[in-house]
Amino acid sequence: MSDPNSTARRTVLAAGATVLAGGVLTACAGGDDTKKPEAEGGSSPVAQSPQASAPASAPAGGGKTLVKAADVPVGGGTVLKDQKLVVTQPTAGSFRCFTAVCTHQGCLVNKVEAGTIDCPCHGSKFQVADGAVAHGPATRPLAEQKIVVSPAGEISLA
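Residue numbers 730 to 887, in this note's numbering, belong to the letters of the sequence shown in order.
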């Protein structure tokens with residue numbers, strides 16, 4: 730015969746192990762909310778020409794200057810950590826804006842280099858021209874934000 734106390738003990742231990750395993754799986758699957766350092770923005774002279782991009786929900790209010798066009802390098806971009814945005818200039822005078830939140834697990838991208846917007850968490854890379862995935866594990870592009878460039882070269886959300 731089995732002791733009723735040992736059966737109860739086994740049940741409690743099995744339930745505890747199940748809860749512990751569930752917690753570990755949840756922790757492993759969760760996103761990394763740690764904010765990463767802002768990329769150091771280079772500077773080069775650029776032509777000033779407005780470029781509108783597709784609308785999406787904006788994390789900051791429109792009208793406020795995000796960055797000067799002269800601070801966004803041609804073929805690269807500038808990460809705006811506080812606004813969770815990245816502004817790129819794929820070709821001279823053509824500006825684009827995307828969310829800086831990686832579509833893989835929600836980390837902030839930290840640099841724009843060699844034609845891609847790079848996420849430090851798991852290595853995802855996105856094209857500066859359209860936010861499309863250049864290298865996974867992300868499978869969805871960065872959300873595009875609508876911007877305007879003033880005649881004075883100030884870039885702001887539309």
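From the three backbone atoms N, C-alpha and C, an ideal C-beta is built for every residue, glycine too.
- The beta carbon of THR794 is closer than 6 Å to those of GLU883, SER885 in its chain, skipping five residues each way along the sequence.
- Residue environment analysis places ASP811 among the exposed positions, since fewer than 16 neighbouring C-beta atoms fall within 10 angstroms of its C-beta.
- HIS864 sits exposed, since fewer than 16 C-beta atoms from the chains shown fall within 10 Å of its C-beta.
- The alpha-carbon separation between ARG869 and GLY835 amounts to approximately 12 Å.
- In this structure, VAL801 keeps its C-beta atom at 9 Å or more from the C-beta atom of ALA829.
- The alpha carbon of ALA821 has as its nearest neighbour, out of ALA858, VAL838, THR832, the alpha carbon of ALA858.
- Distance between GLY860 and PRO880, taken at the CA atoms: about 25 Å.
- Between ARG825 and the set LEU837, LYS797, GLY852, the nearest pair of CA atoms involves LYS797.
- Exposed is the label assigned to HIS851, since fewer than 16 other Cβ atoms lie within 10 Å of its Cβ.
- Taken through DSSP and simplified to helix, strand or coil, ALA799 comes out as helix.
- In the structure shown, the three-state DSSP call for LYS813 is coil.
- Membership of ARG825 in the beta strand (DSSP E) is indicated by the continuous run 823 to 828.
- GLN856: member of the beta strand (DSSP E) spanning 854 to 856, first to last residue.
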